[in-house]
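Asker:
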Amino acid sequence: MAHINEMATIAPSILAADFSRLGEEIKDAEQAGVDFFHLDIMDGHFVPNISYGPDICKTINKITDGYLDTHLMLSEPEKYFEAFAKAGVDSLTIHLEVHPDPESYAKEIRALGMAPGLSLNPDMPIEKALPYLEHFDLLLIMSVFPGFGGQSFIEASIGRIETAREFIDKHGLKTKISVDGGVDRTNAARVVDAGADILVMGTAFFRSEDRRELVSHVTSLTHNRSQKI
Ligand code: DX5
Ligand code: ZN
Numbered sequence: 000m001a002h003i004n005e006m007a008t009i010a011p012s013i014l015a016a017d018f019s020r021l022g023e024e025i026k027d028a029e030q031a032g033v034d035f036f037h038l039d040i041m042d043g044h045f046v047p048n049i050s051y052g053p054d055i056c057k058t059i060n061k062i063t064d065g066y067l068d069t070h071l072m073l074s075e076p077e078k079y080f081e082a083f084a085k086a087g088v089d090s091l092t093i094h095l096e097v098h099p100d101p102e103s104y105a106k107e108i109r110a111l112g113m114a115p116g117l118s119l120n121p122d123m124p125i126e127k128a129l130p131y132l133e134h135f136d137l138l139l140i141m142s143v144f145p146g147f148g149g150q151s152f153i154e155a156s157i158g159r160i161e162t163a164r165e166f167i168d169k170h171g172l173k174t175k176i177s178v179d180g181g182v183d184r185t186n187a188a189r190v191v192d193a194g195a196d197i198l199v200m201g202t203a204f205f206r207s208e209d210r211r212e213l214v215s216h217v218t219s220l221t222h223n224r225s226q227k228i
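Numbering of the sequence shown is given in numbering that gives the first Met the number 0, commencing with residue 0 and proceeding in unit increments.
1) How many angstroms separate the CA atom of Glu23 from the CA atom of Gln30?
2) DSSP on Gly116, reduced to helix/strand/coil?
3) Would you mind sorting Ser151 into buried or exposed? The rule is 16 or more other CB atoms within 10 Å of its CB.
4) Distance check for Thr8 and Phe36, CA to CA, integer angstroms please.
5) Figure out for me which residue from Ser19, Thr162, Leu213, Lys175 has the closest Cα to the Cα of Asn186.
6) CB of Leu14 to nearest heavy atom of the ligand DX5: below 7 Å?
7) Apart from the five residues just before and just after Pro145, which ones in its own chain have a Cβ nearer than 6 Å to its Cβ?
8) Helix, strand or coil for Ile153? Go by DSSP, reduced to three states.
9) I'd like the list of long-range same chain contacts for Glu161, defined as Cβ closer than 8 Å, with 5 residues on each side in sequence excluded.
10) Looking at the secondary structure, which residues open and close the beta strand (DSSP E) in which Ala188 lies?
11) Out of Val190, Met200, Arg189, Asp136, point me to the one whose CA is closest to Leu172's CA.
12) For Ile128, name the three-state secondary structure that DSSP assigns.
13) Please list the segments of the alpha helix (DSSP H) lying wholly inside the region 39-84, counting only runs of 4 or more residues, in order along the chain.
14) Taking 7 Å as the line, does the beta carbon of Asp39 fall inside it for any heavy atom of the ligand DX5?
15) With distances taken from CA atoms, which of Met141, Phe147, Lys169, Gly148 is nearest Ile157?
16) Can you tell me which of Lys85, Asp122, Asp39, Ile59 puts its alpha carbon nearest to the alpha carbon of Ile93?
17) Using DSSP's beta-bridge definition, name the partner residues of Pro11.
18) Could you tell me if the beta carbon of Met123 falls within a distance shorter than 7 Å of some heavy atom in the ligand DX5?
19) Heavy atom of the ligand ZN less than 7 Å from the Cβ of Val190, yes or no?
20) Quick check: the Cα distance between His70 and Leu91, rounded to an integer number of angstroms?
21) Use the C-beta contact count for Glu155: other C-beta atoms within 10 angstroms, 16 or more gives buried, fewer gives exposed.
22) One question on the structure: do Pro76 and Val97 come within less than 8 Å of each other, judged by their Cβ atoms?
23) Count the other CB atoms, across all protein chains shown, that sit within 10 Å of the CB of Arg184; report buried if there are 16 or more and exposed otherwise.
24) My output table needs one value for Phe35: the three-state DSSP class, helix, strand or coil.
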């Protein structure tokens, strides 16, 4: 069973890659030091946009040995757990908005050999997610309303990350905190200082002129935080 990296990291969101040269984009990201990819799955129902499904994930899995962190923005994600397991992804993140009592879904995902993650939109109180964290390897805090890449980071997310960090540390949980939406070079340090382990970056990564430098910058930020703890 795959484990989410011990080291905090950057997770480029494939949604922002140039799909006409997906293989090259992934290889180029690897060369820049990436070993963790964020896959955004949208159904046009839970979010007002459609992206891609298990077949593309399977293709991505053939291209890279990197960790495939899969964000399910679906109204009925449980229908597809098995298909994603067969596609070879490493984690599946479901939304608290869809499953107000998500514990059993975490178990299903784990039983299929993947790591379960729990996500919540910016308007869902962070306190609602906390009681479930012991069942999840990942907490994906949305810092934009999901559906599209390239949106601006919602500042109120910083306090939400801090609340989650405090809870996780206080209870000695292993759950990693990932932050998704509008994360870029200008806010990365604050997101990490608030307590994030993983920074999802779509636009900021794939539009970056120097991806390698961005990866080492984010890695150094997260490394400094883990030394502080
Ligand atoms: C939003 C997705 C994000 C998004 C991130 O619906 O869940 O993962 O692709 O892209 P940026 O970094 O461009 O906000
Ligand atoms: Zn996402």
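We put the beta carbon where it would ideally sit given N, CA and C, even for glycine.
Answerer: With the structure as the only source:
1) Against the sequence shown, residue 23 aligns to sequence position 24. Against the sequence shown, residue 30 aligns to sequence position 31. Counting only the Cα atoms, Gln30 lies some 10 Å from Glu23.
2) Position 117 of the sequence shown, counting from 1, holds the residue named residue 116. Gly116: strand per DSSP, three-state reduction.
3) Residue mapping note: residue 151 aligns to position 152 of the sequence shown, counting from 1. Classified as exposed, Ser151 has fewer than 16 neighbouring CB atoms from the shown chains inside 10 Å of its CB.
4) Indexing the sequence shown from 1 puts residue 36 at position 37. Indexing the sequence shown from 1 puts residue 8 at position 9. So the two alpha carbons sit approximately 10 Å from each other.
5) As a working note, residue 186 is residue 187 in the sequence shown. Selected option, being the one with the closest Cα: Leu213.
6) Taking the first residue of the sequence shown as 1, we reach residue 14 at position 15. If you check the C-beta of Leu14 against the ligand DX5, you find a heavy atom less than 7 Å away.
7) Stepping through the sequence shown from its first residue, residue 145 is reached at position 146. Val46, Met72.
8) For the purposes of this step, residue 153 is identified with residue 154 of the sequence shown, where counting begins at 1. Looking at Ile153 - three-state DSSP - the assignment turns out to be coil, as it is neither helix nor strand.
9) Position 162 of the sequence shown, counting from 1, holds the residue named residue 161. Taken in chain order, the residues that qualify are Ala193, Gly194.
10) Taking the sequence shown and counting its residues from 1, the one referred to as residue 188 is at position 189. No beta strand (DSSP E) contains Ala188, which is instead part of the alpha helix (DSSP H) from 187-193.
11) Here residue 172 corresponds to residue number 173 of the sequence shown, with the count starting at 1. From the listed residues Val190, Met200, Arg189, Asp136, the smallest Cα separation to Leu172 is found for Asp136.
12) Start at 1 with the first residue of the sequence shown, and residue 128 comes out as number 129. Sequence inspection shows Ala at residue 128; the Ile mentioned does not correspond to that position. For Ala128, the secondary structure class from DSSP, reduced to helix, strand or coil, is coil.
13) Whole alpha helix (DSSP H) segments, 4+ residues: 53-62.
14) To locate residue 39, count along the sequence shown from 1; it is residue 40. For Asp39, the distance from the CB to the nearest heavy atom of the ligand DX5 is below 7 Å.
15) Position 158 of the sequence shown, counted from the first residue, corresponds to residue 157. If we check each option's Cα against that of Ile157, Met141 comes out closest.
16) For the purposes of this step, residue 93 is taken as residue 94 along the sequence shown, with counting starting at 1. Looking at the Cα atoms, Asp39 is the closest of the given residues.
17) By 1-based counting over the sequence shown, the position of residue 11 is 12. Beta-bridge analysis with DSSP links Pro11 to Met200.
18) Here residue 123 corresponds to residue number 124 of the sequence shown, with the count starting at 1. Answer for Met123: no, Cβ out of range of the ligand DX5.
19) To locate residue 190, count along the sequence shown from 1; it is residue 191. No, the Cβ of Val190 stays beyond 7 Å of every heavy atom of the ligand ZN.
20) For the purposes of this step, residue 70 is taken as residue 71 along the sequence shown, with counting starting at 1. For the purposes of this step, residue 91 is taken as residue 92 along the sequence shown, with counting starting at 1. Rounded to the nearest whole angstrom, the C-alpha separation of His70 and Leu91 is 6 Å.
21) Within the sequence shown, the letter at position 156 stands for residue 155. It is worth fixing the name first, because residue 155 is Ala in this sequence and not Glu. Note on Ala155: under 16 other CB atoms within 10 angstroms of its CB, so exposed under the neighbour-count rule.
22) The residue labelled residue 76 in the question sits at position 77 within the sequence shown. The residue labelled residue 97 in the question sits at position 98 within the sequence shown. Their beta carbons are under 8 Å apart, which means Pro76 touches Val97 by this criterion.
23) On the sequence shown, position 185 is the one that residue 184 refers to. Exposed is the call here.
24) As a first step, residue 35 is located in the sequence shown; it is residue number 36 there, counting from the start. Looking at Phe35 - three-state DSSP - the assignment turns out to be strand.
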